[in-house]
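Below is one structure, written out as structure tokens; comments come after it.
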Amino acid sequence: MSKQNNRYTVITGASSGIGAATAKAFAERGHNLILIARRTERLNALKEEILTAHPALDIVIKTADLSSVENVTQVYDTIKALPIGTWINNAGFGSYGAVGTSDLDKIRQMLHLNIEALTVFSTLFVRDFAEIEDTQLINISSVGGYTIVPTAVTYCATKFYVSAFTEGLAHELIARGAKLRAKLLAPAATKTEFGAVANNNAAYDYDKVFGTYHTSNQMAEFLLALYDSDQTIGIVDRETFAFRLCLPQFPYAGGSAHNQNVVDE
4 MSKQNNRYTV ITGASSGIGA ATAKAFAERG HNLILIARRT ERLNALKEEI LTAHPALDIV
64 IKTADLSSVE NVTQVYDTIK ALPIGTWINN AGFGSYGAVG TSDLDKIRQM LHLNIEALTV
124 FSTLFVRDFA EIEDTQLINI SSVGGYTIVP TAVTYCATKF YVSAFTEGLA HELIARGAKL
184 RAKLLAPAAT KTEFGAVANN NAAYDYDKVF GTYHTSNQMA EFLLALYDSD QTIGIVDRET
244 FAFRLCLPQF PYAGGSAHNQ NVVDE
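Each residue of the sequence shown is one higher than the one before, counting from 4 in this note's numbering.
Put into structure tokens, the structure is as follows:
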């Protein structure tokens, strides 16, 4: 695919971790950026850092709590007129613990952010940009979106949704001959704020808990490899931590004789 660097790359959850590393990686390629997150101070610091290295870029900052669907649609409406080439739905968080002991307020927020915000942004972007050349939608899932991890059942369920939704959307776009491509990145353990938030532990130590993990910069490199490829999935093996690009993983009933047959009247 040819890449048009004068267009904008949108990144949600851009204030830290994979989102911030991805912003820097796309800036290195000359992409203008739209960075969305809750923490204005962090976003402004990231913007200043990127512009110091790449002063010719245009970087748009949008502060919003995307766990509110009203904020999701409002943010989209303020940027949809810009020439967007890539949309990366990275915002999300996890929660560890047995289902019966979970903090329901935290779970509700996770469901809104991991599922609802991603679905609304994806739907709006497809609606408006599906027929624009060289556009990509990249949703961030997890290997927990293909494997049920002990004490993270609800989180994994949100990521199973992200994986199934994105794979299904990828099939749908190809079937209709759209120019937009939908892709999915599925990280394993990555040293970010994820562990601290998921465990409600500000002192969370990846070296003690996991030992083996990727950095945010490594994950940004994997995301760029996915972006450059013609594959739909970029996934990390949870046991070996090897990264590979591949076709969709879930069974797809596109050729079944038992699908709904809608006849136009």
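Backbone N, C-alpha and C define an ideal beta-carbon position, used for all residues, glycine too.
Values in this document were obtained by computation on a predicted structure and should not be read as measured data.
Report the three-state DSSP secondary structure of residue i (helix, strand or coil).
i: residue 11; result: strand
i: residue 139; result: strand
i: residue 20; result: helix
i: residue 245; result: coil
i: residue 88; result: strand
i: residue 26; result: helix
i: residue 228; result: helix
i: residue 186; result: strand
i: residue 103; result: helix
i: residue 237; result: strand
Assuming residue i contacts residue j (C-beta within less than 8 Å), just tell me the rounded distance between them.
i: residue 187; j: residue 170; result: 7 Å
i: residue 10; j: residue 88; result: 3 Å
i: residue 263; j: residue 249; result: The pair is not a contact, with the Cβ atoms about 29 Å apart (cut-off 8 Å).
i: residue 20; j: residue 197; result: 7 Å
i: residue 202; j: residue 165; result: Not quite, the Cβ-Cβ distance comes to about 21 Å (not below 8 Å), so this is no contact.
i: residue 53; j: residue 60; result: 7 Å
i: residue 110; j: residue 157; result: 6 Å
Take residue i as the anchor and find which of the options has the nearest alpha-carbon.
i: residue 228; options: 28, 14 and 163; result: 28
i: residue 64; options: 168, 105, 21 and 37; result: 37
i: residue 159; options: 184, 172, 102 and 185; result: 102
i: residue 116; options: 71, 17, 49 and 33; result: 71
i: residue 241; options: 148, 259 and 231; result: 148
i: residue 221; options: 32, 246 and 43; result: 246
Looking only at its chain, what residues have a beta carbon closer than 8 Å to the beta carbon of residue i, apart from the 5 residues adjacent to it on each side?
i: residue 14; result: 22, 25, 26, 29, 36, 37, 38, 39, 91 and 93
i: residue 195; result: 19, 20, 21 and 219
Can you find the residues in the same chain that come closer than 7 Å, C-beta to C-beta, to residue i, ignoring five residues on each side of it along the sequence?
i: residue 76; result: 123
i: residue 207; result: 198 and 199
Indicate whether residue i and residue j have their beta-carbon atoms separated by less than 8 Å.
i: residue 216; j: residue 155; result: no
i: residue 189; j: residue 151; result: no
i: residue 133; j: residue 182; result: yes
i: residue 17; j: residue 41; result: no
i: residue 184; j: residue 173; result: yes
i: residue 96; j: residue 113; result: yes
i: residue 140; j: residue 125; result: yes
Which same chain residues end up closer than 6 Å to residue i when comparing Cβ atoms and leaving out the 5 residues on each side of it in sequence?
i: residue 213; result: 192
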